[in-house]
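Peer 1: Residue numbers for the sequence shown follow the numbering used here, beginning at -8 and rising by one.
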Amino acid sequence: MSRERFSILRIIGLGDLKGQPASIHFTFWIMLLSAFFLFADQNLPASNLSRIAAAFGLTDEKEYRFMLGGLVNLPFFVLGGVVSVLYGRLTDRIDRKKLLVTAVVLGELPCLLTGFAQDYWTYFVLRMFTGFGIGGVFPILFSITGDLFRTENRPTASAWVGLAMSLGMGLGQLFAGSVAHDVIFGLEGWRFSFIAVALPAFPIALLFYFFARIPQHGAADSAALGLGSSADSAALTEEAPVTAESFKRVFSTRTNILAFLQGIPGTVPWGFLFVYAVDFFEKSKGWSVDTGNTVVLMFAGMSILGGFLGGFIGKKLYAMNRRLFPAFCAFTVIVGAIPTFYLINYNGASMMPAFIAALIGGLIVPMTGANVRAILINTNLPENRGAVFGVFNLTDDLGKGVGPFFIGLFLLAMPALLAYNVAISMWIVCGIVWLGMIFTMNADEDRVTEELKKRGKT
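#1: Which same chain residues, not among the five before or five after H172, have their C-beta less than 7 Å away from its C-beta?
#2: Would you list the one or two residues that DSSP bridges to I135?
#3: Since P373 is in the alpha helix (DSSP H), which residue starts that stretch and which ends it?
#4: Is the stretch 53 to 61 close to the stretch 79 to 90, with three or more CB pairs under 8 Å?
#5: Excluding the 5 residues preceding and the 5 following E143 in the sequence, name in chain order all residues of the same chain whose CB lies nearer than 6 Å to its CB.
#6: By how many angstroms is the C-alpha of V420 removed from the C-alpha of G257?
#7: Compare the C-alpha of L367 against each of F107, V439, R446 and I(-1) and name the closest.
#8: If you count every other CB in all the chains shown that lies within 10 Å of the CB of M428, and 16 or more means buried, which is it?
#9: Can you grab the Cα-Cα spacing for the pair A94 / T331, in whole Å?
#10: Quick one, are the C-beta atoms of L165 and L288 less than 8 Å apart?
#11: Would you call the CB atoms of I335 and L402 closer than 8 Å?
#12: Report the rounded CA-to-CA distance for S275 versus T105, giving the unit in angstroms.
#13: Going by alpha carbons, who is nearest to A345 out of R376, I186, F290 and S(-2)?
#14: Note down the Cα distance separating V269 from L117, rounded to an integer number of angstroms.
#15: Between S(-2) and the rest of its own chain, which residues show a CB-CB distance below 7 Å, the 5 nearest in sequence each way excluded?
#16: Excluding the 5 residues flanking V73 on each side, which residues of the same chain have their C-beta closer than 8 Å to its C-beta?
#17: With DSSP run on the structure shown, which of helix, strand or coil describes V69?
#18: Would you check if the stretch 276 to 287 and the stretch 129 to 147 touch, i.e. whether three or more CB-CB distances between them fall below 8 Å?
#19: Would you mind listing the alpha helix (DSSP H) stretches within the stretch 263 to 287 that are 4+ residues and don't spill past its ends, in chain order?
#20: Comparing C-alpha positions only, which one of L197, A310, I255 and S243 sits nearest to V96?
#21: What's the gap between the Cα of F397 and the Cα of I415?
#22: What whole-angstrom Cβ distance do F319 and G305 have, given they're in contact under 8 Å?
#23: Please classify A495 as buried or exposed, where buried requires at least 16 neighbouring CB atoms within 10 angstroms.
#24: On the CB-based measure, 16 or more other CB atoms within 10 Å of its CB, does V174 come out buried or exposed?
#25: Output yes or no for whether 8 Å exceeds the beta carbon distance between V170 and F185.
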């Protein structure tokens, strides 16, 4: 049995890193660490809505759910989405190292200052600008990933990136909940959580800037086609100015359009789970805040495993039959909605059924995450990938921002349980859109492969 076959990197789905210089390994792992801390602040408020509301004098339950859960999230994600489109196009043209560091600093600075906000509108503005960092870093992460890994390894590589983001969100929320009732260095626990999560990101950004080595655009595609030199890699990427025409090319690919469309309804249920769920379980179902946090964190914890596992399953299905790849994603997102419906409608005395539903739903639904990103890398040329992920994150953020906003409006007009059931049903809509990719993905991917082969020959 050869060492090549049993390389640890191959076992964990990162075989393309084998034989690469230490600087490339460092780049990938420090990039994941940056993503971890940047995304860690996204769910910090979820465990402390009532305590943040009390700090700002918001006492009415419906009012503070809307103000802190719906209204704040709208500009947070919409600004992030707009920035993502801008950064996405710049990612294809400008030094990605500088762009990533800029995104991290501009996102984490307002996160740090949020811990010192003295009124609601200061908090509102700081949370809005925190979305800048998350929106900016997203297309950079997957543009670099696409240039580090070949087509067949992109599902697992994307799963690792998704793992870093999900761990950040999950552990950030867990940390915020663990200090919820504490006073640390004279600060309320919820305030301290914003500061503690933001601070490590700054030295990590410096390490990335000085020591990371960013691959050339098209480097992995060049290797897959048997082209080895930097000049060969550059030949696979066509230079083009940042214009409206650039984005027309993005929307000329049918798979891109479907990937964008599925993201809007697909992210709405997460808005409930990570914004409203703990408060709903505590106030409407009478569960303790610790129990509500446990249920959400069980779902979130399994979603980390599910997203990671989904990348490995997707890789296997891709190798068997490429059509199985999007079919698997459609199946998991629809089926995963069933235990989630059960969870929010459960009223039994024992918590065990709720725990089991959270574990099953959390495992199944997120299996699409790594795979949609791999599909977008594979069906777009190297010079368009940043723009594609910018638009993808915009549509994703529209769901994350508009979803909680409209759920907040629903809460003002209808019972909470009905509003949350409508939110979960959006996963079924997402799955139906996924079915369309069964008929578009292969053709779009083959078109990219043929174009890269033509460029390699010239």
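Backbone N, C-alpha and C define an ideal beta-carbon position, used for all residues, glycine too.
Peer 2: By the coordinates alone:
#1: G180
#2: DSSP output for I135 lists no bridge partner at all.
#3: Taken as a continuous stretch (DSSP letters only), P373 belongs to no alpha helix (DSSP H), as it is neither H nor E.
#4: no
#5: Answer for E143: no residue qualifies.
#6: 8 Å
#7: V439
#8: It is buried - the Cβ of M428 has at least 16 other Cβ atoms within 10 Å.
#9: 34 Å
#10: yes
#11: no
#12: 28 Å
#13: F290
#14: Using only the alpha carbons, I get a separation of about 23 Å.
#15: G6 and K9
#16: For V73, where only same-chain residues beyond five positions count, the Cβ hits under 8 Å are G126 and L385.
#17: helix
#18: no
#19: 268 to 274
#20: L197
#21: So the two alpha carbons sit approximately 13 Å from each other.
#22: So it is a contact: roughly 7 Å between Cβ atoms.
#23: Here the chain has residues from -8 to 449 only, and residue 495 is not among them.
#24: Flag for V174 reads exposed.
#25: In this structure, F185 does not lie closer than 8 Å to V170 by Cβ.
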